Amino acid sequence: MRRPVRCAVFAVCAIAGLGLESRARSQDQAPVFRVGTSAVSVDVSVRDRSRKPVTGLTAADFTVLDNGVAQKIANVSFGVKPIDVTIGLDVSQSVTGLVLERLRRAVAQLMGDLRRDDRLKLVMFQTQIHRAMDFTADARAVDRAMRAVPAGGGTALFDTLSVAMVGASDPDRRQLVVFFTDGIDSGSASSPAVLEVIAQRSRATLVFVVATGLGTIPSGSGVRIVSLGSLLRPIDPLLTRLATDTGGSVLSIQRDVDLGSTFRRVLEDFRSTYVLYYSPAGVAAPGFHTISVQVARPGTTVLARRGYFGG
Amino acid sequence: MFPARVAALALLAVAVCLAGPRALSHQRPTAIDFLDRYAAGHFDAALDDLQRTSDADAILKQLREFGTSWIALNGSVTDARELARRRLAAATFALEVARLDQWREWKRIQTPPVMEATLSATTQRAPQGEKEAFQPLNTLWWAPSPLLVEWGCIVLRANEKPDPAERWWHLAALAVAQRAEDPQFLIGDTKLGLGSKAGEIMNEQHEILHLKHSQDRFPNEARFVLAEGIARFRDWADDAHATYRKLADRPDVGGEALAREGQMFITEGKLRDAIDRFDEAERRTRDPYVLYLAAYLRGTVLMRQREPARAEASFRRALAEAPGAQSASTALAALVLARNGYEEATTLAAGMVGSEPPPFDPWRGFLHADDRFWPLLISRLRGAIAPQASQTGSATAQRRAAGAATSAAQDVVAPPTRGQQPPPQQTPAFRTATDVVFVDVSVRRRGAAVTGLTAADFDVRDNGVRQKVESVESMAVPIDLTLIIDVSGGQRTTFSNRDVGAAVVRRVNEQIARVAASLRPIDRMRVITVDTYVHELVRPALASDIGRIDLLHHGGHSSVYDAIVGALLQPVDPDRRHVIIAGVKNRDDQSAVEAAAVREVASRSGSLLHVVLEEMLTIEDEAREDTRCIEAGLCQSPFRSLQRTRRMQTASLQLTPDGVAIKEAAEATGGKWHQAVLFSEPSIRSTFEQVFQEFGERYVLRYRPEGVARAGWHSITVAVPGTRDATVLARKGYAIEATADPSAASPLTIPAALAREGTPDREPASVRTVADLARAWERGGLPALDAIFRTPGVAPVRFLTELERSGNLWPGYSRREALFILELADAILRRNRSETFKPIADLLDRVTGYVAAPIEPDEFEQAWHWAATSLAQGRFWQIPAVPRAVQARVRFPGDPRFVLAEAIAIDQRWRTFGPVVGVRLTGQSVSEAHVAEVTQKYRDAMEFAETRDEAAVRLAWLQHRIGRHDEALATLDSVAASVSDRDIAYVRHLFRGHVLMAAGRVDDAAVAYRAGASSRPGAQSARVGLMNALMVRGDVGAAAQLADTIETAPGVLDPWWEYWSGNFRWFARALDALREPNR
């Protein structure tokens, strides 16, 4: 049962200044990502009826409402910013063996799909969060890291999500966070409520790849297969909410799905996204701002994140 | 003048009256004096003096008169605790006095003569004037001992509420009563419904019914229920069966109930049922006492079923539980000998006879049931009466207690010889190592010895092949003499109505002295006395080295067959003759072997056995008293033995089959059976003199077997062809051990199960049986087990199934088994295979019964429960944690760890990792009842200082999860920030952060998280919490920096990760505590 990937990926980026103010991160320098009073960026995915990206749109095609107030779009870009991909890999007891091997191959393929300026970071987690590989374009290094997965233990999913979202903060790059997990948390300090707040404040777009049929994969080599937990339970609504709030999605994959193709589609979707820039006007700066984006093209589907925190 | 004399006399009378009591007290201490000393902690001294100068009757009278005043110190004691202590002292004193008098009958049953009445036509159908006879019911008279116990019971019942010391007292009283073998004291007339001839009594108002008092005070005590079954098994088997079945599932007494029911089935001839009960008993318990009984009794059944190999295995199993126990040693020795295992048989016999005092034998103590707990109980009681005196306790107390535990008799054995020597280096009686055979031969013609024969005169055939006699020796051969003296209870009854101790000692000394006087300087003598146990009173010694005996064990049941077998199997110096003279009392009711087995052993022995039937009551006082008692209708001999009392002679002086077998046993060795002929009664002394005289007329032939196979049984025939009408007496044969039997080579090796199965050098990869597992564990501990179950293809459930069927892997060391199973469970549960969860839970349940000490929980059991509850909490999604915790709490109600453990286990049923208000993570829900229950349990744990902080922190987390953040904060703030438990201190900070975040106090939350991070540097959760707080309050840069640190930090164990595993964090330490006593 191959399910078409129907979700586009969006990101919002609130930056200081209308121009793409860029600052290098350093120890003594505050990160550039902040919600300023003057500019907001919004990632917007536009699809036609066949789920294909709609290209060639201009600022005039978009309507952006900030807290219900129409905003003037200052600029629109499409697929020009480099991407940081954070792969969060659940290596607790429930994701081992054959599944892990398929993941390894899929990540290797993803590395191959990255452009020259794109980077990939690998974070593995059980209860312990472990950055196996910092942002790199070195496919071999990532592959080596994948082969050294220390499987077993509980699952600090929420904590890892929180750390990944907070850490995805480089304002010069678009942030895609992809988590492969069975969706079960069993050891986080972060509560769901806090996690949702973090998601609202993060620049990252969250995509969850949740195994729902991998438990049936024959274990010919004697390796353990993903637990049945995800087979029996519906996907946690929290994950769906987090993905939706950040303009991302939850991909429920079946046993025969090619993980590499899935990852590739996720990346392509994320890349073929418009970034709208505007300076909020007519609304109070502090607090949460709801965002609504519309496109004056019949038959299109528009996906964008639902809001952001003002300064 | 007259008035003056009257006045003087009056003054004198007054003076005498005033001085009288004091003068009297100097002459003879009163019960109160003894009680004062006893209560002050001079337990043994008081009892020793009492034994010398007073008696139970006098003590009872004085306690009844003055005891209550002594307790209250004439009203001056008002402190309730002191009053309770004095009551306990008085009651325990009475109990000990009662026990000192143990071998006296506890009661007399007077049987009135048959009455005749002339019938009247108006009232009877019978013709007028005809007489009718009827038997009035009997009358019961209690002796002082049971009345002393009852007095103590009344004294203790004055305490408003029973306390642990009173429980010990009641258990001790039960021990004393069961030792006295008087069930009537416990439950009343056991003959009720059986008629007057059976002993039914009329004066039921005099029944004591002690067990009812015990049960009223301690209604949940299973041992009192078990005692009911034991009390009824003789007269009302159905009641006993019902009681035993009712108890079968109880972890504390179930095993014993099953074993006892199995023994009843044996007496009822239901052998298959008996085996079933013994098997079940072995599965239910690891109490060595019960395991011994089950294995030993199964062995006896298998013997009856003619399955010697299985019987042998069962006896070995019994000995593994109680090494050196006489009953299984004897039974096994006889069996092993029958298959030519001479070396082992003699080793077993040497161990059995040579251990003094003999080790406790559960079968010998079977009838006395809970008497086995007496040393423990009296030690507890004395400790409660005078703790310091008890702690500094004299060696005497220990000796007294130990003696009581291991022997059936009351007296402490004094060193029997002046110059006792270690036994010389000897070879087995069967001389398997030598190729030279010695044969004792007596040649008589018309009653007179034929002398002057030479080697050429003898025709000796070994297995039918004529042998060349190398030499003929006679008087020059030194003798090793073994005297067996039966000092068990009277010939008619086990118990006596008179103090016969002094008479027994005097008689034994006389016999030893007279026989010793006949010995030559080259001869040696050993003295074995027999009561319920076999005692080596005098080790082999020269006559000149044998001193006077002061005290000895006596009274009780008789194991004389075992004693004879033990003597026959004693190692003998090849250059000496071994002569056994066994005095028997026409009674054996405790031996492990039958008379036929004695004959079988004798036929293979190189010793010369003479058996002397001491037909008459040899103790005159006892005989006189017995006669009087019977004639007055005051005595009914209670039936006390467990099996039929084996007699060797009938009332008409005919030999019974047992008597015939014993006679044949003697004759098989070349000896004789001696019994009264007309007015001539044999004695040990006269028999020895006769035997010794005959020795001068006997020949010892020596030859080297030729032309016959060396191994196996050799029958010997000796003839003197040149002497007509000669009667030749010689041993019937001998045997040479074939080859060493691997199964018999080390019968007592521990672990026995390991000796049976597998090979010692297998690698874990080839582990196939539980024994392999156990061996791997012994070598490598938990890591070895872990490695085994990580190996692909190893199916743990198979081992669990086998483990359920197998018995104790370490017979006699059940605690090692308990530790093994715990580590095995841990290793298997790590693999998280669902098919193993239930078998492991069942296994742990079973072991809970194994580690339960019979009388009261002990330190090992406590440590085991601590480890087991810790494991269950760590694996609570695999095995039930709540029942484990509840079991532990019930056994150890005063241990706060188990109160907290139960709270945690219940809390674990609704496990969430964050606050659930407004968010349903995984569809879990919680009821108010659950919250209320967990809250109450945590509050219970907060009552104890040891668990207060942790319980409070956990309660706060529950309150937070259900949205009661204010309550949670207050609860957390009730815990000192400086709490000593570092894990709890960290979690407290973390939870404060969470609670404050939920309450919207982000800055305060950040402070709390920071404190947590400081208390456990590197711990992830507090850092994540801090990062979240920074992010929420808008400090994005600092949050990102922290995120970077978290991702790249080295791994540090975070106590939060272990939070839902409860006490599992203590598991490793708990295992260490268990390993220590197993080392």
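Taken in sequence, the protein lines are chains A and B.
Those letters in the first sequence? Residues 71 to 381, by my numbering.
Those letters in the second sequence? Residues 0 to 1078, by my numbering.
C-beta: ideal position from N, C-alpha, C; glycine also.
Remember, it's a predicted structure, so these values are computed and weren't measured experimentally.
Checklist entry - Name the chain B residues whose beta carbon is nearer than 8 Å to that of T310/A? => result Position 240 of the first sequence, counted from the first residue, corresponds to residue 310/A. Per Cβ cutoff of 8 Å: no residues; T310/A is ~13 Å from chain B at best.
Item to check | Residue-level contact to chain A via CB, G873/B, 8 Å cutoff | outcome: Residue 873/B sits at position 874 when you count from the first residue of the second sequence. No, no contact with chain A.
Item to check | Which listed residue (A1012/B, F1066/B, W1059/B and V1031/B) has its alpha carbon closest to that of T1044/B | outcome: Start at 1 with the first residue of the second sequence, and residue 1044/B comes out as number 1045. Considering only alpha carbons, the answer is A1012/B.
Item to check | Exposure of G318/A, with buried meaning 16 or more beta-carbon neighbours within 10 Å | outcome: Translated into the one-based positions of the first sequence, residue 318/A becomes position 248. That one is buried.
Next on the checklist: Taking only three categories from DSSP, how would you classify T343/A?
Outcome noted: Counting from 1 along the first sequence, the entry for residue 343/A is found at position 273. The answer is coil: DSSP assigns T343/A none of H, G, I, E or B.
Checklist entry - Counting Cβ pairs, one atom from each stretch, are 3 or more of them under 8 Å apart for the segment 700–712 of chain B and the segment 459–474 of chain B? => result yes
Next on the checklist: With a threshold of 8 Å, are at least 3 pairs of Cβ atoms found where one atom belongs to the segment 117–136 of chain A and the other to the segment 204–216 of chain A?
Outcome noted: no
Item to check | Residues near H205/B in its chain [Cβ-Cβ closer than 6 Å; skip 5 each side] | outcome: Position 206 of the second sequence, counting from 1, holds the residue named residue 205/B. Hits under 6 Å: L139.
Checklist entry - Nearest to E104/B by alpha carbon, out of P250/B, A601/B, Q589/B and P145/B? => result Counted from its first residue, the second sequence places residue 104/B at position 105. Nearest in C-alpha terms to E104/B, of all of P250/B, A601/B, Q589/B and P145/B, is P145/B.
Item to check | Supposed contact pair I961/B and K936/B - C-beta distance, whole angstroms, cut 8 Å | outcome: Counting from one through the second sequence, the residue named residue 936/B turns up at place 937. Counting from one through the second sequence, the residue named residue 961/B turns up at place 962. Their Cβ separation, rounded to whole angstroms, is 15 Å, which puts K936/B and I961/B out of contact at 8 Å.
Next on the checklist: Tell me which residues share the same chain as F943/B and place their Cβ nearer than 6 Å to its Cβ, disregarding the 5 neighbours each side in the sequence.
Outcome noted: The sequence position of residue 943/B within the second sequence is 944, counting from 1. Answer for F943/B: P895, listed in chain order.
Next on the checklist: Against M1030/B, what residues of chain A qualify as contacts under a CB-to-CB distance less than 7 Å, listed in chain order?
Outcome noted: Walking along the second sequence from the start, residue 1030/B turns up at place 1031. Correct list: V236, I268 and R271.
Item to check | Where G259/A meets chain B, residues with beta-carbon distance less than 9 Å | outcome: Within the first sequence, numbered from 1, the residue matching residue 259/A stands at position 189. Note that residue 259/A corresponds to Ala in the displayed sequence, not to Gly. Ordered by position in chain B, the residues that pass the 9 Å Cβ test against A259/A are F912, G913, L989, G992, H993, Y1008, Q1019, S1020, A1021, R1022, V1023, G1024, N1027, D1053 and W1055.
Item to check | Whole-number beta carbon distance between V442/B and V435/B, since they are thought to touch under 8 Å | outcome: Residue numbering aside, residue 435/B sits at position 436 when the second sequence is read from its first letter. Residue numbering aside, residue 442/B sits at position 443 when the second sequence is read from its first letter. 21 Å between Cβ atoms; not a contact.
Next on the checklist: Give me, in chain order, the residues of the same chain whose beta-carbon lies closer than 6 Å to that of R1093/B; leave out the 5 immediate sequence neighbours on both sides.
Outcome noted: Here chain B comprises residues numbered 0 to 1078, so residue 1093/B is not present and cannot be evaluated.
Checklist entry - Helix, strand or coil: which one does DSSP assign to T251/A? => result Looking up residue 251/A in the first sequence gives position 181. It is a strand residue.
Checklist entry - So what does DSSP say about N137/B, is it helix, strand or coil? => result Within the second sequence, residue 137/B is the residue found at index 138, counting from 1. Note: N137/B maps to strand in three-state DSSP.
Checklist entry - In or out: E705/B buried (at least 16 other Cβ within 10 Å) or exposed? => result Start at 1 with the first residue of the second sequence, and residue 705/B comes out as number 706. With a threshold of 16 other beta carbon atoms within 10 Å, E705/B falls short and is exposed.
Checklist entry - Can the beta-carbon of E149/B be found less than 8 Å from the beta-carbon of N158/B? => result By 1-based counting over the second sequence, the position of residue 149/B is 150. By 1-based counting over the second sequence, the position of residue 158/B is 159. Not a contact, by the Cβ cut-off of 8 Å.
Checklist entry - Three or more C-beta pairs closer than 8 Å, one from the segment 260–278 of chain B and one from the segment 829–843 of chain B: is that the case here? => result no
Next on the checklist: So, at 6 Å on beta carbons, what are the nonlocal neighbours of L276/A in its own chain, with the 5 sequence-adjacent residues on each side left out?
Outcome noted: Numbered from 1 along the first sequence, position 206 holds the residue referred to as residue 276/A. Result list for L276/A: V247, L312, A313, T316 and G318, in chain order.
Checklist entry - Any chance the CB of F65/B is under 7 Å from a heavy atom of the ligand COA? => result Because no ligand of any kind appears in the structure shown, any question about the ligand COA cannot be addressed here.
Item to check | Residue-chain proximity (I384/B, chain A), Cβ-Cβ < 8 Å | outcome: Taking the second sequence and counting its residues from 1, one reaches residue 384/B at position 385. No, I384/B lies away from the interface with chain A (no Cβ there is under 8 Å from its Cβ).
Checklist entry - Touch check for the segment 207–214 of chain B and the segment 181–194 of chain B: three-plus C-beta pairs under 8 Å? => result yes
Item to check | C-alpha distance - R379/B paired with G605/B, whole-angstrom precision | outcome: Within the second sequence, residue 379/B is the residue found at index 380, counting from 1. Within the second sequence, residue 605/B is the residue found at index 606, counting from 1. Roughly 50 Å separates the two Cα atoms.
Checklist entry - chain A partners of E1046/B, CB-CB under 8 Å? => result To locate residue 1046/B, count along the second sequence from 1; it is residue 1047. Those within 8 Å of E1046/B in chain A are V193, I199, H200, R201, V233 and G237.
Checklist entry - Over what stretch of residues does the alpha helix (DSSP H) that includes K671/B continue unbroken? => result Taking the first residue of the second sequence as position 1, residue 671/B is located at position 672. Here K671/B belongs to no alpha helix (DSSP H), and DSSP marks it neither H nor E.
Checklist entry - Just reading off the alpha helix (DSSP H) that K837/B is part of, what are its end residues? => result The count along the second sequence starts at 1 and reaches residue 837/B at position 838. Its alpha helix (DSSP H) spans residues F836 to V850.
Checklist entry - Beta carbon of E227/B, beta carbon of L257/B: below 8 Å? => result On the second sequence, residue 227/B is found 228 positions in, with the first residue counted as 1. On the second sequence, residue 257/B is found 258 positions in, with the first residue counted as 1. No, Cβ-Cβ distance for E227/B and L257/B is not below 8 Å.
Next on the checklist: Here's the rule I'm using: 16 or more other beta-carbon atoms within 10 Å means buried, otherwise exposed. How should S1106/B be labelled?
Outcome noted: Limits of chain B in this structure are 0 at one end and 1078 at the other, which puts residue 1106/B out of reach.
Checklist entry - Would you report the Cα separation of S973/B and M181/A, rounded to the nearest angstrom? => result Translated into positions along the second sequence, residue 973/B becomes position 974. Translated into positions along the first sequence, residue 181/A becomes position 111. Each residue's alpha carbon lies about 53 Å from the other.
Checklist entry - Just curious, the beta strand (DSSP E) that V150/A is in, first and last residue? => result The sequence position of residue 150/A within the first sequence is 80, counting from 1. Per DSSP, V150/A belongs to no beta strand (DSSP E) and is neither H nor E.
Item to check | Limits of the beta strand (DSSP E) - the one that W909/B falls within | outcome: Locating residue 909/B in the second sequence gives position 910, counting from the first residue. From DSSP, W909/B is part of no beta strand (DSSP E); its letter is neither H nor E.
Checklist entry - Are V236/A and A1038/B close, meaning C-beta to C-beta below 8 Å? => result On the first sequence, residue 236/A is found 166 positions in, with the first residue counted as 1. On the second sequence, residue 1038/B is found 1039 positions in, with the first residue counted as 1. In this structure, A1038/B lies closer than 8 Å to V236/A by Cβ.
Item to check | CB-CB length for A327/B against A312/B, believed under 8 Å | outcome: One-based indexing of the second sequence puts residue 327/B at position 328. One-based indexing of the second sequence puts residue 312/B at position 313. About 12 Å; that fails the 8 Å criterion.
Next on the checklist: Between M996/B and chain A, is any beta-carbon pair separated by less than 8 Å?
Outcome noted: Along the second sequence, read from residue 1 onward, the residue named residue 996/B stands at position 997. Closer than 8 Å to some Cβ of chain A, the Cβ of M996/B qualifies, so yes.
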